[in-house]
Structure formats: C-alpha cells, structure tokens
Amino acid sequence: MTTKLYVGNLSYQTKDQDLNQLFAEVGNVASAQVITDRYTGESRGFGFVEMATEDEAQQAIASMNGRSVDGRSLTVNESKPREDRGGSGGGSRGGSGGGYGGGGGRSSGGSGGGYGGGGGNRY
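Reading the sequence shown from the start, the letters are residues 1 to 123 in full-length UniProt numbering.
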C-alpha cells in the first residue's frame, strides 16, 4: 500500500488548500495537489493527496470515497504509478499518400490521408 491517493470527481473550484483541509479531517496530510491544465491553469477535476502513514491513507479511503463534496461524489483510491508512455507517441496512422492531394485511386491498405486524397467513394 502506498500513502499517495488519487482523488477524482473534484469540483472545478477546488484548490490545493481545500483538498488539504478536507483530508486533514482524517489524518496528517503530507501533500495535496489538484491537477490543472498546463495551458489554461484550470482544474482538471482530480488530484492527489499523500497521507503521512499507510494507516491514515486507508482511513482516508474508507471515509472519503463516495463522500459528497460540493455536490459531487468523490472517488478516492490508492494512486497507481503512471504507465510509461514510451517514446513513440502512439501507433502508426498507416498507409501512405498523405498531404494535400496525395493518394488517389483505391488502395488496399492505408488511407489516403491528408485533405482530399484517398480516392474511394465519399458519398
């Protein structure tokens, strides 16, 4: 068990300090962070709380999961390590003929990609 907890379904008005105060009702809070959008700075509706001990983390899950705060039912559970995203950035888009008019004809595998390529019946 870890002492770090995931807290979901937060009100978009919830700030770090609010989250800290809420969980301080159950035990000693080592840290509390509401996750925000990197571009707008607005809350993404979830955060993480780290409790001082594993026992306090378990107590926080037991008492806070499902609790209604600001009209929203909180989801509180053990934080799981973030999956390694790797370096590739996702799967292949397949095919060929990208660009603004490439492609043409019907191909058996890939898409025509781009804006206007690809052939095939659009309608």
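Each residue gets a CB set at the ideal place from its N, CA and C atoms; glycine is no exception.
Classify residue i as helix, strand or coil using the three-state DSSP reduction.
i: Q13; result: coil
i: S63; result: helix
i: E78; result: strand
i: A30; result: strand
i: E56; result: helix
So, are the CB atoms of residue i and residue j less than 8 Å apart?
i: T3; j: A57; result: yes
i: S73; j: F48; result: no
Let me check you understand the geometry: is the CB of residue i closer than 7 Å to at least one non-hydrogen atom of the ligand COA?
i: E83; result: For the ligand COA, the structure offers nothing, since it holds no ligand at all.
Can you give the beta carbon distance from residue i to residue j, rounded, assuming they're within the 8 Å contact cut?
i: A24; j: A52; result: Actually they do not touch by this definition, with Cβ atoms about 11 Å apart.
i: V69; j: S11; result: 7 Å
| Is it a yes or a no for the stretch 32-40 touching the stretch 6-17, going by three-plus beta-carbon pairs under 8 Å? | Enough Cβ pairs lie closer than 8 Å, so yes.
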